[in-house]
Amino acid sequence: GEDGQIKIADFGVSNQFEGTDALLTSSVGTPAFMAPETISESRKNFHGKALDVWAMGVTLYCFVVGRCPFMDDQILSLHNKIKNQLVEYPEHTRPVLSEELKDLILKMLDKNPETRITVPQIKLHPWVTKHGVEPLPTEDENCTLIEVTEEEIGRA
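Our numbering puts the sequence shown at residues 39 to 194.
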């Protein structure tokens with residue numbers, strides 16, 4: 039926005055769930071951001087929070103590298119890369135990515151949703167907290183719902 043803050047909006051493809059997690063039976067969205075479990079023939083249900091962590095990992099990778107971690111012009115090849123290819127970083131990334139940042143991204147892009155890092159773990163990760171020097175505020179301190187007006191959306 040004009041004030042330099044990132045604004046995130048729901049484009050009608052998200053799910054809201056109450057409690058600790060929700061089992062989802064379908065997934066929509068941009069193919070490059072889809073988690074491996076959503077494109078596996080053997081999985082029928084997926085954990086919503088693990089999908090969100092995967093998408094945040096892809097987004098973080100895009101922010102720091104300048105492109106998606108898995109890319110292909112053919113959708114089936116893209117799905118294969120998402121399911122099987124290891125995350126790689128370009129050799130000459132500028133600025134140089136810290137080992138802590140690489141570690142966080144790798145944990146967010148863990149192909150196994152059962153072992154993928156969770157949001158509470160992300161909040162405590164050394165890269166996020168600068169090794170504990172700058173811990174994040176608690177959920178109560180940080181989570182207030184802000185209603186967005188049509189006018190604000192129009193100006194975004």
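Heads up, the beta-carbon is just placed ideally off N, CA and C, and yes, glycines get one too.
Check each candidate in N180, D41, E75, E190 and name the one with the smallest Cα separation from N122. E75
Indicate the three-state DSSP secondary structure (helix, strand or coil) for H117 in the structure shown. helix
Would you say M94 and A70 are within 8 Å of each other, going by their C-beta atoms? no
Taking R105 as the reference, which of N83, T131, S115 has the closest Cα? T131
Rounded to the nearest angstrom, what separates P107 and E126 at their Cα positions? 7 Å
Inside the segment 116-161 only - alpha helix (DSSP H) runs reaching at least 4 residues: 137-146
Give every residue of the same chain whose Cβ lies closer than 7 Å to the Cβ of L139, excluding the five residues on either side of it in the sequence, and list them in chain order. V102, W165
Have a look at V96 and L147 and give me their C-alpha separation to the nearest angstrom. 7 Å
Just to confirm the assignment, what range does the alpha helix (DSSP H) spanning M72 have? Looking at the DSSP string, M72 is not in any alpha helix (DSSP H), and its letter there is neither H nor E.
Among I143, Q159, A194, the one whose alpha carbon lies nearest that of G170: Q159
I need the straight-line Cα distance from H117 to S136, nearest angstrom please. 28 Å
Taking the straight line between their C-alpha atoms, what separation do you get for N180 and A88? 22 Å
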